[in-house]
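Each residue of the sequence shown is one higher than the one before, starting from 882 at the first, in the numbering used here.
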Amino acid sequence: MRPRASWLSATLLAVAAPSISPAGMVFRDVTRDTGIRYTNVCGASADTDKGWIVEYMGAGAAWLDYDGDGHLDLYLLNGSALDRKQGQGEPNRLYRGDGRGGFKDVTQASGTGHRGWAYGVAVGDIDNDGDPDMYVTNFGDNVLYRNRGDGSFEDVTVKSGTGHGSWGTSAAFFDMDGDSDLDLYVGNYVDFVQAEVPRRGSPRAKPPHCAFRGLQVVCGPRGLKPAQDVLFRNNGDGTFSDVTRKAGVWLERSRYTLGVVTFDFDNDGDQDVFAANDSVLNSLWRNRGDGTFEEAGLTTLSALDAAGNPQSCMGANVGDYNRDGFLDLVVTNFSHDLNTVYKNVEGKFFIDESAVVGMSATAMELSWGTAFYDFDHDTDLDLFIANGHVYPEVDAVEIGSRYRQSNHLFASENGKFRDVSAQSGESLALKRSWRGAAFADYDEDGDVDILATALGAPVQLLRNDSSRPGHWLKLRLVGTSSNRDAVGTRVTVTLGDTQQIGERTGGGSYLCASDPDLHFGLGPATKADLVQIRWPSGKTTELRNVPADQRLTVTEK
């Protein structure tokens, strides 16, 4: 049974005093000790035998408390190969967490071992019953799992009308129209038909769409037909309606979507949608507040980089890195380009600050999953970026980039980011072709840990063993008038004369779903002077003198 929350309940977490490290932020690979046994399959087993773009994009992961025991569980997606029949992919895996760092495979009992070709996952309580449900995007028909509340899931794809067979990537649950039900935005990449796409290295595979810096590589995405994103409205009765055209997010010339995040960029109280697109304009859908959207990518300057060029974008996430009260964007990109940090200017437009804030360090990497978090509790948002190339051929030439890459960790310093990857533990130096990144306090010690997925390789669970100069606060939000997941809720934490904001967003990173709790670093403060919560319904909650180093469950009243 899921414990029912009172209006305000606090769970104080016992935390051992951390050892002091001169490096500040330190992460250690603890995967072998957890019970997680998983290796990604995405196309041919040998990287050099892969011949099509579908074989290089990897798979994501999700953190969720599926059984309501208060501990985070882990869902890992897996793929298939082009020579396998439909339904013969590697099964997805659900691992039950014990809250102490251990995991047990409960895939069979939970009924979540779908054997399609999975890429992305979104988590959301679609029926407001207190149990998280899951939507899995595939190369082929997607799958919607409804949580029965007894430790098992029911495949309700057909009944719900959300199957939509294409090539799904990132997806996000959010309340588009303020009716307290979670709707669903599904990013799609390419309308891929193997027989119509030349194999890498074949006579039909010709430049410019099958070449990179003089190398023969897999074809696409340019030159291939982009797939249309889909917006599903939750009807409140277990079914969804495709409202892509009606809501105004249909594109006559669709785009290659890889990353999706929903957030309130203009602080008007509703959720907007940002789609990170590969090789073409990004999409920013401004919510009009009536269930329809208008495209604002070009007018807000988030569709292009500072030079006015489209980038090859992979993942996206948000956070108020400069603490001005508006959520900023980070977008990860292809190699030989900077990852992009867009500063939000009063909810009106974005400025590409990438070179100014320190993203030059990412120029040679090809980047995917990402997020802003205060990993060391000093009140500033740090930044993690997962890296890995799609072309094994780059190893044969000297162009400044390699197929297997290490990941990036940036520490925030005075509104800029300093690359501290080399000083943050040898685990961060591990080179793979990384893809997804999902973030959570899986061991319940108060800091944020990282789960990274890699192409054709095991996952890596990075435990945060940072020396902590300060305190922390976590919030688990429960909506009543609003959607139960409280997606769209804005939280402001005041410490003296400074403020931090956090938002319960939809989606984010690349193909992944992270811990639903909001996490704040408090620095030396032993309490938050004021916590203000603005729910999607318009209701507000204020909490004063909130003690640090605890997880609060706050229910909308």
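The C-beta atom is built at its ideal place from N, Cα and C for all residues, glycine as well.
DSSP beta-bridge partners of T1415:
Before going on, a small fix: residue 1415 reads as Arg here, not Thr. Paired residue(s): R1371 and T1421.
Coil, strand or helix - R1309 by DSSP:
Note on identity: in this sequence residue 1309 is Leu, with Arg being the wrong assignment. Note: L1309 maps to helix in three-state DSSP.
Who are the near neighbours of W888 in its chain, counting only those whose CB is closer than 7 Å to its CB and skipping five residues on each side?
Bear in mind that a pLDDT of 30 at W888, under 50, signals an unreliable position, so the number given afterwards is only what the model happens to contain. So the list reads T1436 and K1438, once near-sequence residues are dropped.
For K1040, three-class secondary structure by DSSP:
Helix.
With respect to the beta strand (DSSP E) encompassing S1033, which residues constitute its N-terminal and C-terminal limits?
No beta strand (DSSP E) holds S1033; DSSP gives it neither H nor E.
Can you give me the Cβ contacts of K1312 inside the same chain, cut-off strictly under 7 Å, excluding the 5 residues immediately before and after it?
R1285, Q1286 and S1287
Collapsed DSSP secondary structure at S1282 in the structure displayed:
coil
Looking at the structure shown, is Q989 part of a helix, part of a strand, or coil, going by DSSP?
helix
State the Cα-Cα distance for the pair A1277 and A962, rounded to the nearest angstrom.
25 Å
Where R913 falls: helix, strand or coil (DSSP):
helix
Inspect the beta-carbon positions of D1153 and T1143 and report whether they are closer than 8 Å.
It is a contact, given that the beta carbons lie within the stated cut-off.
Following the continuous alpha helix (DSSP H) through S1235, name the residue where it begins and the one where it ends.
S1235 to V1238
Determine the direct distance from the alpha carbon of P1088 to that of G1360, and round the result to whole angstroms.
52 Å
Quickly, what does DSSP pair L1182 with across the bridge? List them, please.
Beta-bridge pairing links L1182 to no other residue.
Going by DSSP, what residue range makes up the beta strand (DSSP E) through N1225?
T1221 to V1226
Segment contact, 8 Å Cβ cut-off, at least three pairs: the stretch 1105-1116 with the stretch 1071-1086
yes
Please list the segments of the beta strand (DSSP E) lying wholly inside the stretch 904-989, counting only runs of 3 or more residues, in order along the chain.
908-910, 942-945, 954-957, 974-978 and 984-986
With distances taken Cα to Cα, identify the nearest neighbour of D954 among L1403, L1433 and D1396.
D1396
Among the residues of its own chain, which have a CB less than 8 Å from the CB of D1014, if the five just before and after it don't count?
V1004, G1005, D1006, I1007, D1008, L1025, Y1026, R1027, N1028 and F1034
How many angstroms separate the CA atom of N1023 from the CA atom of A1335?
Rounded to the nearest angstrom, the two C-alpha atoms are 21 Å apart.
Three or more C-beta pairs under 8 Å: does that hold for the stretch 1239-1248 against the stretch 1204-1217?
Under the three-pair Cβ rule at 8 Å, the stretch 1239-1248 counts as touching the stretch 1204-1217.
Look at the alpha carbon of G1101 and the alpha carbon of M1195, and state the distance between them as a whole number of angstroms.
14 Å
Counting Cβ pairs, one atom from each stretch, are 3 or more of them under 8 Å apart for the stretch 1179-1188 and the stretch 1346-1356?
These segments do not touch.
To the nearest angstrom, how far is the alpha carbon of F1174 from that of R981?
43 Å
Alpha-carbon to alpha-carbon, L975 and A943:
9 Å
In its own chain, which residues sit with a C-beta less than 7 Å from the C-beta of A1086, not counting the 5 before and 5 after it?
So the list reads P1079, R1080, Q1097 and C1100, once near-sequence residues are dropped.
Going by C-alpha distance, which of N1364, G1337, S1122 and D1322 is nearest G951?
D1322
Is it right to say V1039 is buried, meaning 16 or more other beta carbons lie within 10 angstroms of its own, or is it exposed?
exposed
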